[in-house]
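First the structure, in the form of structure tokens, and then the observations on it.
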Amino acid sequence: MNGQTSTGTCIRRGHFSKATIIKVEVLTKKIEEASFRIITPTNLIKRRTITSTAAFNNEQKLITVDIPLIDHNIISRFITSLLLAHELCDINSALQRENNNIFQIYTDGSLDLNCRNSRGEVVMDAGWIIKDHDLSFSCGVNYHPSSTRPELLAIMTALLAVPNNAEVAIYTDSQAAIEGINRMLDASYRINQRKFLKMNNYIILFTIYDLIKTKSLTLNLHKIRGHSGNRWNNMADEIAKQGRDAASYNNDRIIDIRLLRSFSFPLTFLPIWNNISIDRHIRSFTRLVADSLEETILENGMNCHEDGFQQVESEVTSKIMKFIKKSTSSTKIVQGQLERIIFEYKDEAFPLLKERNCIELTRGLISDTIITKLRRFLSKKVTNEVVTRIIKHFHKAFRKYIWNP
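Residue numbers (full-length UniProt numbering): 1 to 405.
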């Protein structure tokens with residue numbers, strides 16, 4: 001800009017003609033008008049040079065071109081809910097009008113597995129409040145419930161709201177959130193896709209990193225004790241809980257994690273399961289799904305595959321008995337005793353305990369009670385080998401007679 005009037009109007013004179021005038025006005029009265037407005041003569045659009053002195057006096061017809069503020073642009077890019085986007089833009093506009101560019105923000109997340117929406121999905125909520133300001137915010141998030149997830153979402157939305165070049169001090173009672181952000185700030189976790197996909201909440205974490213870089217923010221993270229009587233932390237906690245209840249019945253207060261990816265997102269793909277972004281450790285997630293499927297099949301099959309389970313028990317017992325006889329000649333255990341030790345309890349709660357035993361075996365686990373009873377007849381060394389073989393033979397027989405995917 002080559003000059004500035006007393007009203008804040010900037011005038012730029014191009015090298016091609018002194019008659020070129022561009023007026024720039026900043027409007028922040030309303031969210032819809034929070035933008036830079038450029039006013040220029042219409043004939044500048046058709047040609048680059050103007051010789052008429054009338055243009056210099058602004059006597060020609062003018063057009064208006066609005067360019068949204070960069071902060072509001074970023075908010076709209078990440079937040080698809082118009083309700084939440086307007087709330088964040090409101091807060092951003094209020095902070096833009098202040099001379100101070102240093103902010104202290106207390107964040108908190110809320111998780112209650114009993115808080116569900118109409119589709120039965122767990123709703124977590126994030127909330128925060130800016131110290132010494134009457135400004136606060138809350139929103140919700142679905143899928144992959146954990147206590148850390150809403151804490152990270154609270155920090156992410158707080159960074160969305162602050163102006164560019166701000167210095168932000170975040171106070172949180174989640175050490176896991178702080179450690180996750182610090183890992184994402186480490187370049188090795190962003191460059192290495194294996195490390196990246198091993199992080200829980202990697203989509204939210206990368207969005208936090210992206211906001212820090214894009215908005216040139218200075219971020220300082222502080223760990224505080226939860227429920228320690230800190231006034232601002234208690235207020236953030238209450239805001240999060242209130243927001244959680246609101247988000248459970250108002251879908252407009254939910255942030256869609258699937259749309260948080262930016263142009264600099266390090267993956268060229270995003271793992272999806274059942275139309276849900278897998279925003280957590282991939283291997284742990286697949287193991288959880290596999291365990292859940294096996295457990296569901298087992299529970300459904302306890303009644304439907306009674307004959308199959310009898311075959312499983314008989315085959316496993318027979319193979320283990322052969323191994324025991326081969327390993328030791330001094331044992332007094334017989335096949336009937338062995339079957340009861342592995343698959344049954346002499347107890348009034350027998351059906352429930354038997355089902356629990358089978359579920360543990362499908363997960364590669366074995367009850368301590370089984371090991372204790374085997375030790376009455378076998379040495380420690382033979383018992384350890386028997387335990388390994390029980391799990392191995394059970395899985396083979398289970399897939400053979402009950403589940404054959």
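A virtual CB, placed ideally from N, CA and C, is assigned to each residue, including glycine.
DSSP, read as helix, strand or coil, puts E98 in coil. Using a 10 angstroms sphere on the CB of E179, the tally of other CB atoms stays under 16, which defines it as exposed. Taking 8 Å as the cut-off, the Cβ atoms of I224 and Y171 count as close.
In the structure shown, R376 adopts coil according to DSSP, grouped into three states. At a Cβ-Cβ threshold of 8 Å, G120 and G243 do not count as neighbours. V289 places its beta carbon 8 Å or farther from that of I402. If you draw a straight line from the Cα of G229 to the Cα of S147, it is about 20 Å long. Comparing C-alpha distances from I254 to each of N165, S76 and L83 shows the shortest one belongs to L83.
Approximately 19 Å separates the beta-carbon atoms of F103 and T207; this is outside 8 Å, ruling out the contact.
Here W273 has F285 and V289 as same chain residues with Cβ atoms under 8 Å from its own Cβ, once five neighbours each way along the sequence are excluded. In the three-state scheme derived from DSSP, where H, G and I count as helix and E and B as strand, N384 is classed as helix.
For N220, the secondary structure class from DSSP, reduced to helix, strand or coil, is strand. When the beta-carbon positions are compared, A85 and S76 come within less than 8 Å of each other. Excluding the 5 residues flanking it on each side, K215 has same chain C-beta neighbours closer than 6 Å at N164, in chain order.
Between A161 and F137 a beta carbon distance of about 7 Å is seen, short of the 8 Å cut, so the two are scored as contacting. Apart from sequence neighbours up to five positions away, the residues of its chain that approach S188 with a beta-carbon distance below 7 Å are K195, ordered along the chain. The three-state secondary structure of M199, taken from DSSP, is coil. Inter-residue distance for L211 and D291 is about 37 Å (C-alpha atoms, whole angstroms).
Rounded to the nearest whole angstrom, the C-alpha separation of K213 and R183 is 15 Å.
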